[in-house]
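Undergrad: Numbered according to the working numbering, the sequence shown spans residues 44 to 538. The beta carbon of each residue, even a glycine, is placed where N, CA and C say it ideally should be. None of these values were measured; they are calculated from a predicted model.
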Amino acid sequence: MQLTSVALLAPLAALLLASTASAQAGDSVVGPVLTLEEAQSLARRYNPDHQQIRNNRRVATAALKSAWGNLLPSADALFQGQQRQGGTQPINGVNFSTSDIRQSSYWLGLNYNISAATLLNPRVQKANVAAADADVTLSTEVVHATVAQQYLTTLQAEARAALQDSLVITSEAQLELVQARAAVGSGTQLDVVRAQVTLGQARVTALQAHNTAEIEKLRLFERMGVPQPANVRLTSTFEVAEPTFSLQSVLDMAQRRSPALEALRSRDKSASLVVRQAQSQYLPALSLSTGWGGYTYEYTNSNFLIEQQRLGIEGQRANCFFMDSLRTGANLPPTSNNCALIAFTPAQADRIRSENSQFPFNFTKQPRAFTATVSLPLFDGFTREQRIQEAQAGRSNARYLLRARELQLTQEVTAAYLTLTTAARTVALQGQNAERAREELNLAQERYRVGASTFLEVTEARASVERAETERINAIYDYHKAFAALESAVGRSLR
Numbered sequence: 044m045q046l047t048s049v050a051l052l053a054p055l056a057a058l059l060l061a062s063t064a065s066a067q068a069g070d071s072v073v074g075p076v077l078t079l080e081e082a083q084s085l086a087r088r089y090n091p092d093h094q095q096i097r098n099n100r101r102v103a104t105a106a107l108k109s110a111w112g113n114l115l116p117s118a119d120a121l122f123q124g125q126q127r128q129g130g131t132q133p134i135n136g137v138n139f140s141t142s143d144i145r146q147s148s149y150w151l152g153l154n155y156n157i158s159a160a161t162l163l164n165p166r167v168q169k170a171n172v173a174a175a176d177a178d179v180t181l182s183t184e185v186v187h188a189t190v191a192q193q194y195l196t197t198l199q200a201e202a203r204a205a206l207q208d209s210l211v212i213t214s215e216a217q218l219e220l221v222q223a224r225a226a227v228g229s230g231t232q233l234d235v236v237r238a239q240v241t242l243g244q245a246r247v248t249a250l251q252a253h254n255t256a257e258i259e260k261l262r263l264f265e266r267m268g269v270p271q272p273a274n275v276r277l278t279s280t281f282e283v284a285e286p287t288f289s290l291q292s293v294l295d296m297a298q299r300r301s302p303a304l305e306a307l308r309s310r311d312k313s314a315s316l317v318v319r320q321a322q323s324q325y326l327p328a329l330s331l332s333t334g335w336g337g338y339t340y341e342y343t344n345s346n347f348l349i350e351q352q353r354l355g356i357e358g359q360r361a362n363c364f365f366m367d368s369l370r371t372g373a374n375l376p377p378t379s380n381n382c383a384l385i386a387f388t389p390a391q392a393d394r395i396r397s398e399n400s401q402f403p404f405n406f407t408k409q410p411r412a413f414t415a416t417v418s419l420p421l422f423d424g425f426t427r428e429q430r431i432q433e434a435q436a437g438r439s440n441a442r443y444l445l446r447a448r449e450l451q452l453t454q455e456v457t458a459a460y461l462t463l464t465t466a467a468r469t470v471a472l473q474g475q476n477a478e479r480a481r482e483e484l485n486l487a488q489e490r491y492r493v494g495a496s497t498f499l500e501v502t503e504a505r506a507s508v509e510r511a512e513t514e515r516i517n518a519i520y521d522y523h524k525a526f527a528a529l530e531s532a533v534g535r536s537l538r
């Protein structure tokens, strides 16, 4: 009677242990928890591919700022200094020594260039920024979908591992039952060996299932872009239910809100503006410029200028006396009252030194100048025509891509919706199959206990439970993956 009680309680104990095994394992090692929302939030911040898309948005913003800046005048400043060594220069056959010369100059210029292409460029770049924003939104949805799919795959692998753990416990209980029957002579040693082999295979399968779960978890954190902490637990749970929305409603929603379509529509708008910008090359362009400048010119040796001035004045004085002597000899009055007043004074020398002291900042201003230029391109070797054709081809390609994506989106949403509805029904059917398989196992164990069947029948029933439970787990997570794929195609949450 004691053996009979153990045999009756073994299947029930196996089911109870299977239901608590994962909880006990989780309580033994406490680790951080991770929900799906937290995983997606971390992926938005650290996923490398997503960060590259965000950087493209920064580039587009800088291009827009540059386009607005091109509508303003440009300014440039120049300061230049130069020193030239003096020497001997022949002038009219006479060699003259010159002093070293120092020069400096500055220029502050304003230039303004305007054309139809320049006026259109801010609109083009603004459309590019909108397209970059749409790309960021699309990348965010792609990251969300990728992380969600991998999160579900990891949960699926963990569920399979938990199933294998429960099957190990079931195999252990079956081995105990077989050994007990063999001990009282109701079973054979062959049944014991078969039970031991089945238990060994179950342990190997469980070990491999846990390894697969850990690998899938590593892939999840790779998608997130962060290292995996030790003993992390995934805690999000999901319900299985028939979809409450219709196919047409999600199709309409996808056409209105799909990030992929928004990105392509922005590209189409940008391509149309590029065509207008290319066509504007036939229009004239206006260029305005003005500026302020000055220069200095200084001899390093002021005595060189003083000596030149002194020699010039002395020559004037000598010429004055000479002319007066000639007029006196011809009994004519002198041209001046006093040639002796013609003399080089220290005050003149000081003035020369002061005027020569210019380098580097005592500038002499240059005359102000304004320039206005209107240019009209007439012929450039058909380069404009080539650019227009390229722009028009780019616009056509953008529209074809948009149309192709609309058709693809319709197919993706329809396929995801049909897969979702099929998966919901499949979950219910697989649940029934798993329940019947467990009933079959219980009956097989009971028949073996009373000697009405062999252990081979128990082994086959156990294999049926494993297949049915595995298919049930696959059906559940196929449903959740189909739901995530539909949300990704639509571009918003549907729960």
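Span of the beta strand (DSSP E) holding R127?
TA: First-last of the beta strand (DSSP E) with R127: 117-127.
Undergrad: Alpha carbon to alpha carbon, how far is V172 from R101?
TA: Their backbone Cα atoms lie some 9 Å apart in a straight line.
Undergrad: Would you kindly report the start and end of the unbroken beta strand (DSSP E) that includes Q324?
TA: Here Q324 belongs to no beta strand (DSSP E), and DSSP marks it neither H nor E.
Undergrad: Taking all protein chains shown into account, decide if I258 is buried (16 or more other Cβ within 10 angstroms of its Cβ) or exposed.
TA: Per the 10 Å Cβ criterion, exposed.
Undergrad: Would L153 pass as a contact of A103 if the rule is Cβ separation under 8 Å?
TA: It is not a contact, given that the beta carbons lie outside the stated cut-off.
Undergrad: What residues in its chain sit with their C-beta under 8 Å from that of T339, if we drop five residues either side in the sequence?
TA: So the qualifying residues of the chain are R145, Q146, S147, S148, Q401, F402, P403, F404, N405, F406, T407.
Undergrad: For V318, which residues from the same chain have a beta carbon less than 6 Å from its beta carbon, with the 5 sequence-adjacent residues on both sides left out?
TA: Around V318: A434, Q435, R438.
Undergrad: Please report the residue range of the alpha helix (DSSP H) in which L486 lies.
TA: That run of the alpha helix (DSSP H) goes 426-492.
Undergrad: Please list the terminal residues of the continuous beta strand (DSSP E) segment that includes S330.
TA: Unbroken beta strand (DSSP E) run through S330: 328-342.
Undergrad: What are the boundary residues of the alpha helix (DSSP H) that S551 is part of?
TA: Any property of residue 551 remains undetermined from this structure, which presents the chain solely from 44 to 538.
Undergrad: Whose C-beta lies closer than 6 Å to the C-beta of R127 among residues of the same chain, with five residues either side of it excluded?
TA: The residues are I144.
Undergrad: Could you check whether V456 and A532 sit closer than 8 Å to each other, using their CB atoms as the reference points?
TA: Contact: yes.
Undergrad: Looking only at its chain, what residues have a beta carbon closer than 7 Å to the beta carbon of A306, apart from the 5 residues adjacent to it on each side?
TA: Closer than 7 Å at Cβ, skipping near neighbours: A174, A177, D178, L181.
Undergrad: Check whether the Cβ atoms of A527 and A188 lie closer than 8 Å to each other.
TA: Yes. Within cutoff.
Undergrad: Which runs of the beta strand (DSSP E) at least 3 residues long sit entirely within the segment 141-222? Give them in chain order.
TA: Taking only runs of at least 3 residues, the beta strand (DSSP E) segments lying wholly in the segment 141-222 are 144-157.
Undergrad: Is the distance from the Cβ of A511 to the Cβ of A477 below 8 Å?
TA: Yes.
Undergrad: Please confirm whether L304 and R448 have their CB atoms less than 8 Å apart.
TA: Yes. Within cutoff.
Undergrad: I'd like the span of the alpha helix (DSSP H) that includes Q351, first residue to last.
TA: Per DSSP, Q351 belongs to the alpha helix (DSSP H) from 345-372.
Undergrad: Taking Q352 as the reference, which of N399, G337, F364 has the closest Cα?
TA: Of N399, G337, F364, the residue nearest in Cα terms is N399.
Undergrad: How is R276 classed by DSSP in three states: helix, strand or coil?
TA: Reduced to three states, the DSSP call for R276 is strand.
Undergrad: State buried or exposed for D393, treating a residue as buried only when at least 16 other CB atoms are found within 10 Å of its CB.
TA: The residue in question, D393, is exposed, as its Cβ has fewer than 16 Cβ neighbours within 10 Å.
Undergrad: According to DSSP, is T497 helix, strand or coil?
TA: Here T497 sits in coil by DSSP.
Undergrad: Suppose contacts are defined by Cβ-Cβ distances below 8 Å. Is V247 in contact with V235 by that definition?
TA: No. Outside cutoff.
Undergrad: Whose C-beta lies closer than 7 Å to the C-beta of G268 among residues of the same chain, with five residues either side of it excluded?
TA: Same-chain partners within the cutoff: A86, Y89, N90, P91.
Undergrad: Looking at E483: is its Cβ nearer than 8 Å to the Cβ of A504?
TA: For E483 and A504, yes; Cβs fall inside 8 Å.
Undergrad: Decide if the segment 320-329 is in contact with the segment 488-498; the criterion is three or more beta carbon pairs, one per stretch, under 8 Å apart.
TA: No: the two stretches stay apart, fewer than three of their Cβ pairs being nearer than 8 Å.
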